[in-house]
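What follows is a short report on a single structure.
Numbering (my numbering), first residue to last: 5 to 268.
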């Protein structure tokens, strides 16, 4: 009997943005990719999360071995940081190619939309749309044939909740489909997909905000598989499939990983 190695990522190099918090989706994705053979970059945005990013890296190195992980500070909403993230990855691992990009970094303001300051609206789009697009533009020249790009979306884009954040994620949903031909048929056979989590208990859902608690309760009632919230590992397993060889015929898709809250 032969062993199925189609989920192996041996020899691959992956960047996972927004992966510097040990209880977050990005960290879980990075850990899962590393345990399947990839070398991964843990990206964090400020010194406030540097210690947490180091904790994530240590956990990965304990399982995947020395040299399996880098930590790079970069704010993806800034062009200079996007450039340094790419260059730091290539130099840090001593490689000429990047195989996987996971656009996971995000930001949201929970203020009422009609009173939300323009700077917070702009910041949401800078981090959730313009930054990921800039990273895609920067990384593709360094990708070989068959590269993989994943955008982390949100069910907010389908349910009409968190209007500004939902609109930003909807923009990325549209870009995922629109870019598929340029990256695939007209490019290097690179696939691009969005995974769309439902509620996952991370720092992004602070329990101190009553409106967030009410939203979480309403979404929990809509799950169709189990009576629970999602876990970072639920999302990471979906990401693993989409960066593997098994996903070679899946591109341009927005895939709900929400326990059935939305239909995709």
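Backbone N, C-alpha and C fix where the C-beta goes; we use that ideal spot for every residue, glycine too.
May I ask which residues mark the beginning and end of the beta strand (DSSP E) holding residue i?
i: residue 200; result: 195-201
i: residue 43; result: 43-48
i: residue 259; result: 258-261
i: residue 18; result: 17-20
Would you mind working out which of the options sits nearest residue i, comparing C-alpha positions?
i: residue 176; options: 188, 200, 226; result: 200
i: residue 52; options: 258, 261, 78; result: 78
i: residue 154; options: 88, 257, 224; result: 257
i: residue 241; options: 19, 29, 17; result: 29
i: residue 124; options: 205, 167, 98, 13; result: 167
Following the continuous alpha helix (DSSP H) through residue i, name the residue where it begins and the one where it ends.
i: residue 75; result: Where residue 75 is concerned, there is no enclosing alpha helix (DSSP H), although the beta strand (DSSP E) it sits in stretches over 73-77.
i: residue 168; result: 167-187
i: residue 118; result: That residue, residue 118, is in no alpha helix (DSSP H); it is neither H nor E in DSSP.
i: residue 34; result: 29-39
In this structure, how does DSSP classify residue i when only helix, strand and coil are distinguished?
i: residue 124; result: helix
i: residue 158; result: coil
i: residue 56; result: helix
i: residue 239; result: helix
i: residue 6; result: Residue confidence for residue 6 is low, a pLDDT of 49 falling below 50, so the modelled location carries little weight and cannot support an answer.
i: residue 217; result: helix
i: residue 135; result: helix
List the DSSP bridge partners of residue i.
i: residue 90; result: Answer by DSSP bridge pairing: none, since residue 90 is not bridged.
i: residue 152; result: 104, 195
i: residue 204; result: 234
What's the gap between the Cα of residue i and the Cα of residue j?
i: residue 131; j: residue 110; result: 6 Å
i: residue 230; j: residue 62; result: 32 Å
i: residue 223; j: residue 46; result: 30 Å
i: residue 118; j: residue 10; result: 48 Å
i: residue 172; j: residue 161; result: 8 Å
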